[in-house]
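J.:
6 protein chains.
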Amino acid sequence: MPTVNTKLERPGKAVIDELAALGVATIHEAQGRKGLLAPHLRPIYAGARIAGSAVTVSLPPGDNWMLHVAIEQLQDGDLLVVAPTSDCTDGYFGDLLATSFKARGARGLVIDAGVRDVSVLAEMNFPVWSKAISSKGTIKATLGSVNVPVVCAGALVTPGDVIVADQDGVVVVPQAMAARTLENASAREANEAQKRAKLASGVLGLDMYQMREPLAKLGLRYID
Amino acid sequence: MPTVNTKLERPGKAVIDELAALGVATIHEAQGRKGLLAPHLRPIYAGARIAGSAVTVSLPPGDNWMLHVAIEQLQDGDLLVVAPTSDCTDGYFGDLLATSFKARGARGLVIDAGVRDVSVLAEMNFPVWSKAISSKGTIKATLGSVNVPVVCAGALVTPGDVIVADQDGVVVVPQAMAARTLENASAREANEAQKRAKLASGVLGLDMYQMREPLAKLGLRYID
Amino acid sequence: MPTVNTKLERPGKAVIDELAALGVATIHEAQGRKGLLAPHLRPIYAGARIAGSAVTVSLPPGDNWMLHVAIEQLQDGDLLVVAPTSDCTDGYFGDLLATSFKARGARGLVIDAGVRDVSVLAEMNFPVWSKAISSKGTIKATLGSVNVPVVCAGALVTPGDVIVADQDGVVVVPQAMAARTLENASAREANEAQKRAKLASGVLGLDMYQMREPLAKLGLRYID
Amino acid sequence: MPTVNTKLERPGKAVIDELAALGVATIHEAQGRKGLLAPHLRPIYAGARIAGSAVTVSLPPGDNWMLHVAIEQLQDGDLLVVAPTSDCTDGYFGDLLATSFKARGARGLVIDAGVRDVSVLAEMNFPVWSKAISSKGTIKATLGSVNVPVVCAGALVTPGDVIVADQDGVVVVPQAMAARTLENASAREANEAQKRAKLASGVLGLDMYQMREPLAKLGLRYID
Amino acid sequence: MPTVNTKLERPGKAVIDELAALGVATIHEAQGRKGLLAPHLRPIYAGARIAGSAVTVSLPPGDNWMLHVAIEQLQDGDLLVVAPTSDCTDGYFGDLLATSFKARGARGLVIDAGVRDVSVLAEMNFPVWSKAISSKGTIKATLGSVNVPVVCAGALVTPGDVIVADQDGVVVVPQAMAARTLENASAREANEAQKRAKLASGVLGLDMYQMREPLAKLGLRYID
Amino acid sequence: MPTVNTKLERPGKAVIDELAALGVATIHEAQGRKGLLAPHLRPIYAGARIAGSAVTVSLPPGDNWMLHVAIEQLQDGDLLVVAPTSDCTDGYFGDLLATSFKARGARGLVIDAGVRDVSVLAEMNFPVWSKAISSKGTIKATLGSVNVPVVCAGALVTPGDVIVADQDGVVVVPQAMAARTLENASAREANEAQKRAKLASGVLGLDMYQMREPLAKLGLRYID
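Chains as they are written, first to last, in my numbering: chain A, 59 to 282; chain B, 59 to 282; chain C, 59 to 282; chain D, 59 to 282; chain E, 59 to 282; chain F, 59 to 282.
Written out as structure tokens, the structure reads:
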């Protein structure tokens, strides 16, 4: 059953990079509020915003052997998504693995578990979103799979999906939806600039969005 | 039942600003160790210390409609305190709402839920204390209330109370107690400077606070 | 039963400082993956890496009296390890206590509870690893013990053990094992430099660690 | 500041008992979905459904002294509501205190902390809703207050409020609202019997509540 | 986007019932340790063991409108799987909905959120696996989808999959795998009876599974 | 380093059984409020109260191989204490292992992880205190140690210590302290019978323990 799928259709890099520029919250909205990974995934250092094509790993608690297997499948522009088969905070990943990832052109790591060597990872400018920071070492004894669909932090990720990650969290965009989501997200973004200017000038959302009437209809009472 | 109270007695700005300068821990002590919000509320970026007059919002899980209603009630020097009616980590608040808040002169946000666009909020220098960071969008379907007493992160907040927030957390000072609390806190602060100097010079708290006798009486045994 | 053990065999400072330089993850590995404190202990500010000889405190929830007793036992190069007898997030420690700690030459604090005044502690460059940040004040009413074995964040700490703490967490090295652990850890570190260079040049861990054969034997299937 | 308020206006027992019969979910609905204590409060044994007039206690973490003080304030038909000033799972309450409670006619305990002797409490038929079951003993060193407003498990409880607790959780009904809430809840209950019969006969809520049109209007699409 | 898929291929009832008889742990093993929902889902009363064909619901936090829509899609032998789009403990489901479920022949409910009226549900013998028990009412304002793939408690559930639930938890068996999983699970079960007899007679697993040699090879040392 | 210590000094069975009869809370008090395991350990079914001589196991997350090794070390009257080296909720233990345990005369299991087959375990009357109930299977790949000191749920347990477990939780009594603890606990128990009678007759703890004066001295104010 443990399998490595070596053929992977990847989305175009232009789409990936444009999605990265739009950020997680906008993309999440643009695809109908879907695809968000749970907010317990946090960046290990401030400031990173990346996107990449997902290479996925399903592996056991406390065992990082499959990360070595996965590295060989990484290409320039990829990002690794790691989902243990049960809850685990162990430190699956550190600076040696990150060195290998960088040598392959990988852009970052999203892992629903722990990582370590976070000071070095920050110096290397290698971004990670994880559930924990922990020095706990892992073993290399049991197989898992690479490039199979995984549920990571509550979201289904299929190999070749676009993953976008920033300070707000992590979102997955199914490959087939990437172009449309980019379009929607760009439109939304453009639209937001206008709104921002109005709001900055003091216009109220109550008026800009014409909320007063529906609020009144539902029975909102003002007392003075 | 959903209500917006538009008339709000606010504390003087001088009191608010002097309380901000004293910080959360000192104020919490000065009012008899009361009024602390639970420590799961954390600042979204480092360094902010603010105080403001509380405008409060009670709203449903996953629905931020009342934030738009609340903005109209915000005045210069206010701070919004938001309490969902059940546990929720969704991203109720982002950069567009912050733009509106700033246009009204609001000083910040305390929310027992999630926020998003945290990188932009940091650039805008708009401080938020929240339970989570999450991109999860919210809807605008159900009413709540503005400027009613709320329980936020375990503490009762009444509209017009002073809220002080810094890197140690968030504390509420009932408006009627603000002056006395300021007095107590200032006295405490003055007192601390002296203590700090003594302790820095090597004097032990055991001696400075005359603890040796009560410790011995209770039976503390030294072994060598 | 409440006891202060005033005689404490300490490890040599050279060993302590060399262990600090190697960091938590390497030391944890070098002593057979033992001694790690739970990852809920986090540094209150980024960047610190320290080591010290453990002075230990067992004390009640919400009562920091024994910290004053412990300070008198601190010597230059020590580090305090504090374990409440039941779960507690209260702010046991703040800038006044830190001033005293610094006057005694203490290097830092590891506490399975909360601390406060974290902005000032950062300015003082006084590193703390804690479970929470909370302004909640503590009382001085009940005795505990100083320099007895304690379980802190799931790890047994004996007075005089070496504690190493960095951005990856906290590890305890039993005093009797300090020299051997240092030796193992240094060897491991030396070994890592070589590996890092190879991996950076694009050599795969699969090849460097000769993993392909054992993976195949266990049944890993490649599909294309 | 530590205070015991000995004069307490209590609601009538008839109202209390009728509210108990209606149960927590119905009452919560009947008062506009307010007053629910957080669901981490669970009954220590199955089957109990009680109501009582609240005597409240605010006390420190790990210190149950004020429970002894509170007992003297308990009257027949009362129920104790206990809120520590910070998070605590210690075992504040056991069979000896329960014996005293029963001697005073108290109906039960709601505590946002731990209790012990739960087998004996079940045999005594003394119902408790708590956050934890823990043998951890508490001390008697620090004062708190009895019959002051407290926030317990996220809800504001004022002395003399009606507390209703069953297998679904705990709800507080402000004394002034007790009669009206009872009326609303009874109406709701009566109404539910009809609905239950219809639904049991196979009528769909979609039809009974006329939901098809609003669902279609909002865009719900059926695919076959 | 909110959709109700009304055509649903269901697995045969014989397979479903035989899977129920085998239980969650055995089935989880038999399908290669896949498909387990997270252990925070717990039965609301002891003793139930059921299986059914999954009808799935994706819905917003605090809004149970889609449950009414889903009921119409339930057939005899079905089981509802409910996944909110963000973390929520509100009481989505109670005795009225259960009455409707029973009228449609539904066998139970698996919900990654809260339920209420648990005493009545137990009397009705209507089994539920949930994350919480909470009286908190939900609204009917926002659409979701019925019979779309959902991630529930960390596992992907597709409409028409077999769900098995007992005191050990909940597992999903993809419809296409149901027959093979049943075969594997039955073989495993048969095999276990033999093992159980041997172990009961005092034979050690060390000998029965021939573990002594591999343990020795890996370096396990016995000391006496 | 993985070791099985086969020689184990055990406490007398009479002491063990008398400690069981006294229960966890009383024993915890009698030994100075020490030795309690964290309250997240809960019994898998109601009613059990046991004690036994500890055989201990330290093992990896998700790997139960060492349980098979440990069984050979179990003797009549023993109880197994299992501590994974990092947080894990997997189902390490089920009915087959319990069958072996019973064949060896083991009295029960305390495990800071998950177990499964809980319905069968209840039928077998085999008591377990665990952190979770989970069907998640574990592997047999990595060594650990048997009969070494372990930290289990925050408490240090040495092989041959007495473990007492009931509905209130789990406590460890160091072997050398067993006789004295039994004596203290028995005295305490005897003493409680008297107190219980007094309290049942309506005497207040305030009077029985002479608390009124110290309360008044500390400043407790009664208001009417």
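For every residue, glycine included, the Cβ atom is placed at its ideal position computed from N, Cα and C.
Predicted model, so just to flag it, every value in this text is computed and none were measured.
1) For C/Arg-238, is the classification buried or exposed, using 16 other Cβ atoms within 10 angstroms of its Cβ as the cut-off for buried?
2) If distances are taken between C-alpha atoms only, which option among B/Gly-120, B/Glu-247, B/Gly-227 and B/Val-204 comes closest to B/Ala-211?
3) In whole angstroms, what is the alpha-carbon distance linking D/Val-62 and B/Ala-78?
4) List the residues of chain E whose Cβ lies closer than 7 Å to the Cβ of D/Ser-97, in chain order.
5) How big is the Cα-Cα spacing for D/Val-230 and D/Gly-93?
6) Does the segment 214-227 of chain C come into contact with the segment 102-110 of chain C, if we say contact requires no fewer than three beta-carbon pairs (one atom in each stretch) closer than 8 Å?
7) Using beta-carbon positions only, say whether E/Ser-188 and E/Ile-169 come within less than 8 Å of one another.
8) Whose CA, out of C/Gly-172, C/Gly-70 and C/Ala-161, lies closest to the CA of C/Gly-152?
9) Classify D/Ile-102 as helix, strand or coil using the three-state DSSP reduction.
10) Could you compute how far the alpha carbon of E/Pro-207 sits from the alpha carbon of F/Asn-183?
11) What does the alpha-carbon distance come out to for the pair D/Val-113 and C/Gly-120?
12) CA-CA distance, C/Leu-214 and C/Val-140?
13) Closer than 7 Å to a non-hydrogen atom of the ligand GTP - does that hold for the CB of F/Ala-248?
14) Give the C-beta separation of C/Leu-38 and C/Ala-164 to the nearest angstrom, bearing in mind that I take them to be a contact with Cβ-Cβ under 8 Å.
15) Can you tell me which of E/Ile-102, E/Tyr-103, E/Ala-83 and E/Ala-104 puts its alpha carbon nearest to the alpha carbon of E/Leu-95?
16) Any Cβ of chain F within less than 8 Å of the Cβ of E/Gln-225?
17) Let me check understanding here. Comparing Cα to Cα, which of E/Thr-147, E/Asp-148, E/Gly-149 and E/Val-178 lies closest to E/Thr-157?
18) Give me the chain E residues within the contact set of A/Arg-91, using Cβ-Cβ distance strictly less than 8 Å, ordered along the chain.
19) With 16 as the cutoff for other CB atoms within 10 Å, does A/Ala-258 come out buried or exposed?
20) DSSP three-state call for D/Gly-263: helix, strand or coil?
21) Using three-state DSSP, classify C/Arg-165 as helix, strand or coil.
22) Counting C-beta neighbours from all protein chains within 10 Å, is the total for E/Asn-249 16 or more, i.e. buried, or is it exposed?
23) Just mark E/Thr-196 as buried or exposed, buried being the case when its beta carbon has 16 or more other beta carbons within 10 Å.
24) Is D/Thr-147 near F/Pro-101, with beta carbons less than 8 Å apart?
25) Comparing the C-beta of E/Val-230 with each C-beta of chain F, is any distance below 8 Å?
26) At which residue ranges does the segment 105-172 of chain B contain complete beta strand (DSSP E) runs of 3 or more residues, listed in the order of the chain?
27) Whole-angstrom Cβ separation of D/Ala-88 and D/Arg-246, contact assumed at under 8 Å?
28) Which of helix, strand or coil does DSSP assign to B/Arg-254?
29) Quick test of your reading: F/Leu-66 and F/Asn-242, contact by CB under 8 Å. State the CB separation rounded to the nearest angstrom.
30) Give the range of the beta strand (DSSP E) segment to which D/Val-206 is assigned.
31) If the cut is a Cβ gap below 7 Å, which residues of chain E does A/Gly-212 touch?
32) What residues of chain F sit near E/Gly-277, judged by a beta carbon separation below 9 Å?
33) Shorter than 8 Å from the beta carbon of D/Ile-129 to some beta carbon of chain F?
34) Using only the alpha-carbon positions, how far apart do A/Ser-244 and C/Leu-262 sit?
35) Using a C-beta cutoff of 8 Å, does A/Gly-120 count as contacting chain F?
36) Kindly indicate the opening and closing residues of the beta strand (DSSP E) around B/Ser-188.
T.: Per the coordinate set shown:
1) By the 10 Å Cβ count, C/Arg-238 comes out exposed.
2) B/Gly-227
3) D/Val-62 and B/Ala-78 have their alpha carbons spaced roughly 33 Å apart.
4) The question names Ser, yet the displayed sequence has Pro at residue 97 of chain D. In chain order: Thr-147, Gly-172, Ala-190, Ile-191 and Ser-192.
5) 5 Å
6) yes
7) yes
8) C/Gly-172
9) coil
10) 40 Å
11) 24 Å
12) 12 Å
13) Among the ligands in the structure shown, none appear at all, so the ligand GTP cannot be discussed.
14) Residue 38 of chain C is absent from the structure shown; chain C starts at 59 and stops at 282.
15) E/Ala-83
16) yes
17) E/Val-178
18) Thr-143
19) exposed
20) helix
21) coil
22) exposed
23) buried
24) no
25) no
26) 108-117 and 136-142
27) Taking C-beta atoms under 8 Å as the contact rule, D/Ala-88 and D/Arg-246 qualify, at a distance of about 5 Å.
28) Of the three classes helix, strand and coil, the one that applies to B/Arg-254 here is helix, per DSSP.
29) About 25 Å separates the two Cβ atoms, so there is no contact after all.
30) Where D/Val-206 is concerned, there is no enclosing beta strand (DSSP E), given that its DSSP letter is neither H nor E.
31) Val-209 and Gly-212
32) Met-59, Pro-60 and Leu-201
33) Nearest CB-CB separation between D/Ile-129 and chain F: below the 8 Å threshold.
34) 39 Å
35) It does: the Cβ of A/Gly-120 has a partner Cβ on chain F nearer than 8 Å.
36) 186-191
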